[in-house]
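Let me begin by presenting the structure, written as C-alpha cells, before commenting on it.
There are 2 protein chains.
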Amino acid sequence: MNEKNIENIRHSLSHIMTMAVLELYPNAGLGVGPVIENGFYQDYDLSEKISEDILPRLEQRMKELVKENIAFEQYSMDVDKALDFYKDDEYKTALITDLQEAGETEVSFYKSGNFENLCKGPHVATTKEIDRRAFALTKIAGAYWRGDEKNKMLTRIYGVAFENKEALKNYLAMVEEAKKRDHRKLGKELDLFAFSDLVGAGLPLFTPKGTIIRNELQQALLDAGKEYGMQPVTIPHIAKRKLYETSGHADKFGDELIKVVSHYDEFVMKPVNCPHHTQIYASRPRSYRDLPLRYIESTMQYRDEKPGEIAGLTRVRAITCDDGHTFCTGEQIKTEVANLCKIIETFYTGLGLYGKHWVSLSVRDSKNPDGYIGKTEDWDMAESMLEEMAKELKLDAKRVEGEAAIYGPKIDFMFEDSLGREWQLATVQLDFNMPKRFGLVYTDNEGKESTPVMIHRAILGSYERFMAVLIEHFAGAFPLWLSPVQVHVIPVSTEKHLAGAKDLAKELQNAGVRVEVDEADETVGKKIRKAATQKAPYILVVGEKELSGEDLCIRKRGTEEQENVSKKEFIEKVQKEISEKVAW
Amino acid sequence: MNEKNIENIRHSLSHIMTMAVLELYPNAGLGVGPVIENGFYQDYDLSEKISEDILPRLEQRMKELVKENIAFEQYSMDVDKALDFYKDDEYKTALITDLQEAGETEVSFYKSGNFENLCKGPHVATTKEIDRRAFALTKIAGAYWRGDEKNKMLTRIYGVAFENKEALKNYLAMVEEAKKRDHRKLGKELDLFAFSDLVGAGLPLFTPKGTIIRNELQQALLDAGKEYGMQPVTIPHIAKRKLYETSGHADKFGDELIKVVSHYDEFVMKPVNCPHHTQIYASRPRSYRDLPLRYIESTMQYRDEKPGEIAGLTRVRAITCDDGHTFCTGEQIKTEVANLCKIIETFYTGLGLYGKHWVSLSVRDSKNPDGYIGKTEDWDMAESMLEEMAKELKLDAKRVEGEAAIYGPKIDFMFEDSLGREWQLATVQLDFNMPKRFGLVYTDNEGKESTPVMIHRAILGSYERFMAVLIEHFAGAFPLWLSPVQVHVIPVSTEKHLAGAKDLAKELQNAGVRVEVDEADETVGKKIRKAATQKAPYILVVGEKELSGEDLCIRKRGTEEQENVSKKEFIEKVQKEISEKVAW
C-alpha cells in the first residue's frame, strides 16, 4: 500500500468517526479534521465535556460503519450558495469564508452515508478499503478553535490507523515502549535532572548523575575534536542588542529576543553563539598563517519558549549548545568539512549510533531563491562544494531542497533511535555572510585583506535534547563510559561486609571507575533488584569469599549469567571498555 | 614609626600641598582632602584645568615648605561663627553645615604658617617630623564635588608619603612593576581574553589560550575535590524572582537584581548560585544516609556593575564562580570544613601560593549583633566550632570581628602575591539559615525530619578576578601545568626544518603537552626573542642536529643556560612536571 492510500484511509476514518459522534451528539459543531502522522483527528463543539471512556464505544460503532461498506462521493457547490446553505453553522461559515477569501469560487464536499462534510478529499472509494482491525481511537484533548486561546475550546478526538493489523500492533507497542522510556520518567527514576517551580519551567537543574553524562559527552566531543585543532573558548550569556542587529538575528528573532534590564546598557540574552565568536576572531589582526581558527564551546543560550511548548528536556528555555565556528579560507573549507565529518563519525560510533543514519545535503529551495542571504555565485559554489565533498566522503547524501540555513547550505546527519524514530542531530553549515556583516578580515599571502569563510557546526546539537534522545534510545541503560554509576557494589551483609565493600569501591575509584556502594540494611535480593532499576552496567555482590581475595562475581547488565574474574582482571577490563567507549 | 604617625605625616602633607597650590591659585576652593592608602589627596576648585606637568613644581615647593619646619596648631570655633566667617566659601559652608547637622557645636581648624583649614586633625607637631625625600605627588584626576556627577568637577591631586626614602623607593618600584604586570596589558599581549564594544563592557571573551587557563584551574579544583566527594552539578543562569524572594537575596540586592523580560514569567539573572543548588537538594526526599551532599559548579552569575566601576577582569558583569554548597548534618560540619581546608591547601600548593597566606576567622560584629540572620545559639555554636577547627587544623587564624557573612561565620584565606598585595580568595562559610528558608529537610536516623546545615565555599572565588591575580602575580609566566603553550618549538630554517618541527610538535601533543610551532620566516634570534615575550616555559630550537635524532637543546624560561637531553627524557620530564604541578 502506498503513502497516498493510507492517507485516504486515515482521512476517511476521520469522517467515519464523525458519523459515530453525530449519532451521540447530533448537534455537534465540526472544526477541522486533518490527517496527521500515524492517524487523524477531528475537533468537535460538543454540548458537554466527554471523557476517554467514550472511545471504545465510538471505536466499536466505527467498526460497524466500516463493515457497512459505505461509499465516499464528492460534489461541489458554489461558494455563495454554500455560505447561504450553512449560514447557521458558525464553523462551516468560517471555513468556507476562508476559501472564498483565498479566491475559490466553488467548494468541495464529501458524502458518506447520510453524512455530508466540507472536504477537499481525497478519500477511499468505499470503506471496503479499510482494515477494521487496523485502527484505534487513542485520546481526547482540548483544542482552541483556530488555535487561538481567545476562542472557544473544542474537543479533539485522536485516532491512529494503518494498512493492516500488524502495523497497528507494532505502532501501539512502540508507543507503549516509548512511554516506558519517556526521558522525563527515567530522568526522575535515575536522578538525572529535576525541575523546580521556584526556578521556573523549561530551566532544568542537572543533578550530579545528570552532570556526569553531560560532562562525559562534552569530554568525548573535546577528545574527538582535539586531533583536528578544535579550541575551546568562553563567552558570557548576554550581549548588547547591537551585536544581534549587526548579525541579523535581531531581525530574525524580533520579539523573541529576551531583553535584560541593566541600568546602563541595552542587553539581551544570547539566542545563538556565533556573533560572540566573531568578536574573539575580531579581537586581533589575523593572517592567513593563523587560519583555520576553530572555536568550540558548550554554552547555554536562551529562548523565550511558550509555557505550553515546554516539554521535559526536548524543549527548554536554557539550551546548552555544543556550538563551534571555524574561520578559514575558501581553499580550506574542504579539509575542514571532511574533518568535522570524521569527528561526527568518531563521536557517534562511541554511542553505537553511527551507521544508523542518513545524511541530508540541505540546499536552497529552487522555487524560492530569494529567501536567502548572500550572493548567488557564493551559494552555487558552496552547494557544489558540499555535494562534491559528500561524494568524496561517501556520505551517500540525499539532496533536500529548501532545507538550507538562511546564510548557506549544510550537511545534516539524521540518526535513528532504537524505536525507529529519526532525529536531526549533527550539522555542518557553510556561511559566507556573517563574516562580511562583522567586517572580519585576514591578510592573505599576498598581503591583501580577505574575508574568511565561517563554518557553523554542532556535533550533538543541544545537550538537553541529546540527553532526552539518549535516555529514550538506551532506556536509561547507558554504555559503560557514559553511565553515571559504572559499578554498583552490594555487600552481602551490611554489618559484616560494608567496610570491605567500601575499600573495594575506593580501589575502583582510584582506577578511574565510578562506583556506588549500597549501604542499606536490606536483603541481597532486594539490593540486586534495586540496583537493576538503576541500570549500572556491572553489579558486584561482595561477601566473605570475595573480600578474602577470591575471584569477584560479576553481574553484567542485560545478561543472566555471572562471571568470576580476579579483581585485577576486572579493573583492567572496565578501564579498557571505558577508554575504548565499547558499545553495550 | 607607627601607623598613627605615618597617617599624621600624610595628612599634614595634604595641607602643605594646599599651601603650595594656594601660592599659584590664591582663590582655589577646597573640597575634601583625606589620608588614603599609601598617601593622601586634596580636591581643588581651580579657575583652570591643570596638567600633571605642574606636579614637579608643586613637589619642589612642598619640600621647601617642609624644610621651614612649619608648626601645626589647632583651634576651635563656634559653628555659627564659623558659618558666618566662611559665608563666601561654598565648600567650607557645606562642610561646616554637615558638621552642624551631625550635632557639632564647635568645629576644629588647623593652622600651618599662614594657612588655616577646617580640619579635625591630627597632624604632626611640626614638619620636622616629615622626611622630605619620602613623599611624591603622583597624579591628577577629576572628581565630582561630593562624588555626585550632577555637581561641579573638581581637580584632585594625589600624593604618596612614607616614613623614609627607602619605603618610598620600594613603593614606587612596586607601582612600576605592577604597571608592567597589569593583567589588562598582559592579557592582550598573551592573547588570553578580549573585550568587544558590540558585546559590552564588563563581559570578557576568553580566547583559546585564556580558556586553557580557566579549564586547567577548573580541572585542578575538580581533581582536588574528587577525593572528598565533591560532585559537579549544572544550573541555568536565570530563575524566577520568587527564588530570590525566598532566599532573601531579592531584599539584599533590591534594584541591582538584573531583570529578564520574558513574555511569560518574571525572571532575573542569578546574582548567586546557592538558591539553585538548594533546589537540586529539594528535588527528592533525602535521608541521613545521603548526607553529606556536596554540589560544586563553575558557573557564571551576573551583576549590574556601573560602567565606571568595571575594570579588566577584576570587576566584571559576568562572574564565573567556583561555587559549591555542602548539605550535611551538624555532626558532619567538622569533617567537611577540614576537608575543604585540605582542598584549599592542595590547590594553592599547585600555584606556589600556600604558605604565603593568613587565615581570618570572620565572626559577628559584637557591637552590632542585630545585623545578622539566625538564632544567637546557632551563631555561638558555629563560631566556636569554626574556632576550634581552626585550632585543630593549625590554621593560625586571626579572629576578625564584623567580617562574618550575613547568614553565618566563615574562614577566609588571604593570599599574598609577588608584589606583596593581599587578596581574599578562598572562603568556607557556615549557614544555618538558608536551608530553613527553603524548607530543606532530611530524615534522620530516628526517622524524624531534620534541617541540614549548608556550607558555602569557594576555593578560588571568581575565575575572572583569580586570573587577574595570577597574571599579575606570575607576570604572565605561569607554572608549566597552567601555561597555555608549554613548549614553543622554533625551526632554525623554516624551509628546511619546519616539517620536522611539526612532527616533533605532534609527538609532544600526543604525549599531552601543549605546543606551538613558530612558522614565521624570520631569523632564529628574532623567533627566540618573540617566544620569550610569550613566556612559554620551554623553548626548543630545532635544526639539522636535533632532527637527526641527537639530543634536544632545551631553553628553560627564566634561566640563561641551555640543557641537552634526549627527546624521550624531555617528554618524561615535562609530563612529570605537569602532573605533579611543579612550581616554577
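Protein chains in written order, with the numbering used here: chain A, 673 to 1256; chain R, 673 to 1256. For glycine and all other residues, C-beta sits at the position ideal for the given N, C-alpha and C. Just so you know, these numbers come straight off a predicted model, no measurement behind them.
For my contact list, residue 1083(R) and residue 1044(R) are in at a C-beta cut-off of 8 Å; report their separation, rounded to the angstrom.
Position 411 of the second sequence holds residue 1083(R). Position 372 of the second sequence holds residue 1044(R). Going by Cβ atoms, the distance from residue 1083(R) to residue 1044(R) rounds to 17 Å, so no, they are not a contact pair.
From which residue to which residue does the beta strand (DSSP E) around residue 829(A) run?
Walking along the first sequence from the start, residue 829(A) turns up at place 157. First-last of the beta strand (DSSP E) with residue 829(A): 825-833.
So within the segment 1037-1091 of chain A, which uninterrupted alpha helix (DSSP H) runs reach at least 4 residues, ignoring any that extend past its ends?
1048-1064
Quick check on residue 742(R) - is its C-beta less than 7 Å from some C-beta in chain A?
One-based indexing of the second sequence puts residue 742(R) at position 70. False, the Cβ-Cβ gap to chain A never drops below 7 Å.
Proximal residues to residue 1199(A) (C-beta, below 6 Å), its chain only, five neighbours per side dropped:
Walking along the first sequence from the start, residue 1199(A) turns up at place 527. Taking residue 1199(A) as the centre and dropping the five residues before and after it, the same chain places the C-beta of 1162, 1190 closer than 6 Å to its C-beta, in chain order.
So the alpha helix (DSSP H) residue 887(R) belongs to, where does it begin and stop?
Here residue 887(R) refers to the residue found at position 215 when the second sequence is read from its first residue. Per DSSP, the unbroken alpha helix (DSSP H) holding residue 887(R) starts and ends at 880-898.
Same chain only: Cβ atoms within 6 Å of residue 715(R), ignoring 5 sequence neighbours per side:
Taking the first residue of the second sequence as 1, we reach residue 715(R) at position 43. The residues are 703, 704, 815, 826, 828.
Distance between residue 1193(A) and residue 1215(A) (C-alpha atoms, nearest Å)
In the first sequence, the residue the question calls residue 1215(A) occupies position 543. In the first sequence, the residue the question calls residue 1193(A) occupies position 521. In this structure, the alpha-carbon of residue 1215(A) lies about 14 Å from that of residue 1193(A).
Measure the alpha-carbon distance for residue 1155(A) versus residue 1004(R) and round it to whole angstroms.
Within the first sequence, residue 1155(A) is the residue found at index 483, counting from 1. Within the second sequence, residue 1004(R) is the residue found at index 332, counting from 1. Each residue's Cα considered, the two are about 29 Å apart.
Under the three-state reduction of DSSP, which class applies to residue 941(R): helix, strand or coil?
Here residue 941(R) corresponds to residue number 269 of the second sequence, with the count starting at 1. Note: residue 941(R) maps to strand in three-state DSSP.
Residue 894(R) versus residue 711(R): straight-line alpha-carbon distance, rounded:
For this step, residue 894(R) is matched to residue 222 along the second sequence. For this step, residue 711(R) is matched to residue 39 along the second sequence. Going by the C-alpha atoms only, they are around 43 Å apart.
Would DSSP call residue 1228(R) helix, strand or coil?
Position 556 of the second sequence, counted from the start, is the residue given in the question as residue 1228(R). The answer is strand: DSSP assigns residue 1228(R) an E or B state.
For residue 998(A), count the other beta carbons within 10 Å of its own beta carbon; 16 or more makes it buried, fewer makes it exposed. Which is it?
Residue 998(A) sits at position 326 when you count from the first residue of the first sequence. Classification of residue 998(A): buried, given that the 10 Å Cβ count is 16 or more.
Residue 1000(A) and residue 1058(A): beta carbons closer than 7 Å?
Numbered from its first residue, the first sequence carries residue 1000(A) at position 328. Numbered from its first residue, the first sequence carries residue 1058(A) at position 386. With respect to the 7 Å criterion, residue 1000(A) and residue 1058(A) are not classified as neighbours on the basis of their beta carbons.
Mind reading off the beta-carbon distance from residue 1159(R) to residue 1187(R)? Whole number of angstroms is fine, and I expect it under 8 Å.
Taking the first residue of the second sequence as position 1, residue 1159(R) is located at position 487. Taking the first residue of the second sequence as position 1, residue 1187(R) is located at position 515. Correct: roughly 5 Å between the Cβ atoms.
With 16 other CB atoms within 10 Å as the buried threshold, where does residue 910(R) fall?
For the purposes of this step, residue 910(R) is taken as residue 238 along the second sequence, with counting starting at 1. Per the 10 Å Cβ criterion, buried.
Which residues in chain R have a C-beta closer than 9 Å to the C-beta of residue 978(A)? List them in chain order.
Sequence index remark: in the first sequence, residue 978(A) carries index 306 (1-based). Here the neighbours are 935, 936.
Taking a contact to mean a Cβ-Cβ separation below 7 Å, would you say residue 1183(R) touches residue 1243(R) in this structure?
Mapped onto the second sequence, residue 1183(R) falls at position 511. Mapped onto the second sequence, residue 1243(R) falls at position 571. Closer than 7 Å, so yes.
Have a look at residue 869(R) and residue 936(A) and give me their C-alpha separation to the nearest angstrom.
Indexing the second sequence from 1 puts residue 869(R) at position 197. Indexing the first sequence from 1 puts residue 936(A) at position 264. Going by the C-alpha atoms only, they are around 14 Å apart.
Within 7 Å, strictly: CB atoms of residue 681(A) and residue 892(A):
Counting from 1 along the first sequence, the entry for residue 681(A) is found at position 9. Counting from 1 along the first sequence, the entry for residue 892(A) is found at position 220. No; because the gap between Cβ atoms is not below 7 Å, this pair is not in contact.
What are the residues in the segment 1158-1174 of chain R lying within 8 Å of chain A by C-beta distance?
none
Within 10 Å of its beta-carbon, does residue 1118(A) have 16 or more other beta-carbons around it, so buried, or fewer, so exposed?
As a first step, residue 1118(A) must be located in the first sequence, where it is residue number 446. It is exposed - the Cβ of residue 1118(A) has fewer than 16 other Cβ atoms within 10 Å.
Check the C-beta distance from residue 940(A) over to residue 913(A) and give it rounded, since I have them as a contact under 8 Å.
Counting from 1 along the first sequence, the entry for residue 940(A) is found at position 268. Counting from 1 along the first sequence, the entry for residue 913(A) is found at position 241. Indeed they touch by this definition, with Cβ atoms about 5 Å apart.
Assigned secondary structure, residue 714(A) (DSSP; H/G/I helix, E/B strand, else coil)
In the first sequence, residue 714(A) corresponds to position 42, counting from 1. DSSP places residue 714(A) in strand when its eight states are reduced to three.
Note down, in chain order, each residue of its chain lying with its Cβ closer than 8 Å to the Cβ of residue 763(R), except the 5 sequence neighbours on either side.
Here the question's residue 763(R) lines up with position 91 in the second sequence. Cβ within range, chain order: 701, 702, 703, 717, 817.
Host alpha helix (DSSP H) of residue 859(A) (start-end)
As a first step, residue 859(A) must be located in the first sequence, where it is residue number 187. Its alpha helix (DSSP H) spans residues 855-861.
Suppose the cutoff is 6 Å on Cβ atoms and the five residues either side in sequence are ignored; what does the same chain contact list for residue 1253(A) look like?
Locating residue 1253(A) in the first sequence gives position 581, where the first residue counts as 1. For residue 1253(A), where only same-chain residues beyond five positions count, the Cβ hits under 6 Å are 1022, 1153.
Taking buried to mean at least 16 other C-beta atoms within 10 Å of its own C-beta, is residue 1267(R) buried or exposed?
Outside the modelled stretch of chain R, which goes from 673 to 1256, sits residue 1267(R), for which no answer is possible.
What does DSSP give as the partner residues of residue 727(A) in its beta bridges?
As a first step, residue 727(A) is located in the first sequence; it is residue number 55 there, counting from the start. In DSSP, residue 727(A) forms no bridge with anything.
Three CB pairs or more closer than 8 Å across the segment 978-990 of chain R and the segment 1086-1102 of chain R
no
Cβ closer than 7 Å: which chain A residues qualify as neighbours of residue 903(R)?
Here residue 903(R) is taken as the residue at index 231 of the second sequence, counted from 1. Those within 7 Å of residue 903(R) in chain A are 880.
Between the Cα of residue 1232(A) and the Cα atoms of 1201(A), 1125(A), 1223(A), 1250(A), which residue gives the shortest distance?
As a working mapping, residue 1232(A) is identified with position 560 in the first sequence. Among 1201(A), 1125(A), 1223(A), 1250(A), the Cα nearest to that of residue 1232(A) is on 1201(A).
Using the three-state DSSP reduction, which class does residue 683(A) fall into: helix, strand or coil?
Here residue 683(A) corresponds to residue number 11 of the first sequence, with the count starting at 1. Note: residue 683(A) maps to helix in three-state DSSP.
Pick out whichever of 948(A), 866(A), 1085(A) has its Cα sitting closest to the Cα of residue 856(A).
Against the first sequence, residue 856(A) aligns to sequence position 184. Of the listed residues, the one whose Cα sits closest to residue 856(A) is 866(A).
Which chain R residues sit within Cβ distance under 7 Å of residue 939(A)?
On the first sequence, residue 939(A) is found 267 positions in, with the first residue counted as 1. Contact of residue 939(A) with chain R by beta-carbon distance below 7 Å involves 872.
Quick one: Cα of residue 776(A) to Cα of residue 753(A), how far?
As a working mapping, residue 776(A) is identified with position 104 in the first sequence. As a working mapping, residue 753(A) is identified with position 81 in the first sequence. Each residue's Cα considered, the two are about 13 Å apart.
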